[in-house]
Amino acid sequence: MRPAAPVHDAASVWDIATPSRHGRLPGVSMAGFRARTTDLVDLGVVPHPAVTVAVDLGDEPFLVTDFHGRQQSGSVVVRLASGGVRVRGQDIECLQMRLSPPLAHAVLGTCAESGTTVVPLDALWGGDAARTQERLRAAGSWDERFAIAEAALVRRYEAGRAVEPEVAFVWGQMVTSLGGARVERLAAEVGWSRKRLWSRFRAQIGLSPKRTAQLVRFDHAAHRLAAGHSAARVAAEIGYVDQSHLHRDVMAFAGVTPMALAVAPWLAVDDVAWAAP
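Numbering of the sequence shown is given in numbering that gives the first Met the number 0, commencing with residue 0 and proceeding in unit increments.
Rendered as structure tokens:
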């Protein structure tokens, strides 16, 4: 386990653990979170271009509210979405897994096709969700927990249904280009019509190609803002038409201004929890 470094105000709230080795599955990152305070934690989490699995390991279940106000408690899956979520709870302890959408399609089945942002884990994994949760609770270390979680993902991946190669290719190009690749060009590269790509991609990834590209670009912009770059610089360097375009995207995805996003506590945690090993 790599201990967390101090990060703005977030350091006073969380102990964060990360795996000591690379995992076997590409497209998955893990982190363990334990609240340092017994006070109520009420934290907004901005959207990210990944599907998040949060396994509740605390004594009291935390509550996750999506941007429509719908709520779920305990272990949940937060699917690829256009808006963030809010997490509330006391004595929170959980293991989070961030899955690339192509991997999530295999290990979570119908999650990408659900119209709901936050889904109970047991609705997708059945009894295996409770069994995995109990094994994680009983584990003696975070590294043991990461190994248990990875084994569960590998089992589901091997039994699951992979996305079509064309969809996986388009997803990869969107990530590599930071959301700048044109959908028409990508459709031509895989030999599909734009309509076919739009339909297959949305069914298997969970968002349309255009919205996914916007989310990838927003995520890059959010981390640049959090690193201290000005909104004008970020807009110019990432490919927004102008600063007002960046402002509209940030408001659409995070519900706050670029200035407020730059100091969002969860982005400070991000660089510790999801840094490369």
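C-beta: ideal position from N, C-alpha, C; glycine also.
| Item | Value |
| --- | --- |
| Would you please state the rounded distance, in angstroms, between the beta carbons of Val77 and Leu152? I believe it to be under 8 Å. | 16 Å between Cβ atoms; not a contact. |
| If distances are taken between C-alpha atoms only, which option among Thr17, Arg232 and Cys93 comes closest to Arg136? | Cys93 |
| What residue ranges within the stretch 155-179 form continuous alpha helix (DSSP H) runs of no fewer than 4 residues, ordered along the chain? | 164-175 |
| Can you check which of these residues, Val255, Ala187, Glu133 and Gly125, is closest to Phe66 by C-alpha distance? | Val255 |
| By DSSP, does Ser72 sit in helix, in strand, or in coil? | strand |
| Go ahead and pull the three-state DSSP assignment for Gln95. | strand |
| Identify every residue that forms a DSSP beta bridge with Ser28. | Arg97 |
| Please report the straight-line C-alpha distance between Ser243 and Arg144, rounded to a whole angstrom. | 44 Å |
| Answer yes if the stretch 57-75 comes into contact with the stretch 84-91, meaning at least three C-beta pairs across the two stretches below 8 Å, and no otherwise. | yes |
| Between the C-alpha atoms of Gly125 and Gly159, what's the straight-line distance to the nearest angstrom? | 14 Å |
| With distances taken Cα to Cα, identify the nearest neighbour of Lys209 among Glu236, Val169 and Ala230. | Val169 |
| Which of the three DSSP states is assigned to Pro264 in this structure? | helix |
| Ordered along the chain, which non-local residues of its own chain (more than five positions away) have a Cβ less than 7 Å from that of Asp218? | His47 and Pro48 |
| What's the call for Met96, buried or exposed, on a 16-neighbour Cβ count within 10 Å? | buried |
| Just to confirm the assignment, what range does the alpha helix (DSSP H) spanning Arg78 have? | No alpha helix (DSSP H) contains Arg78, which DSSP labels as neither H nor E. |
| Can you tell which of Arg232, Asp269, Asp38 and Thr116 has its C-alpha closest to the C-alpha of Met258? | Arg232 |
| Look up Asp38 in the DSSP assignment and say whether it is helix, strand or coil. | coil |
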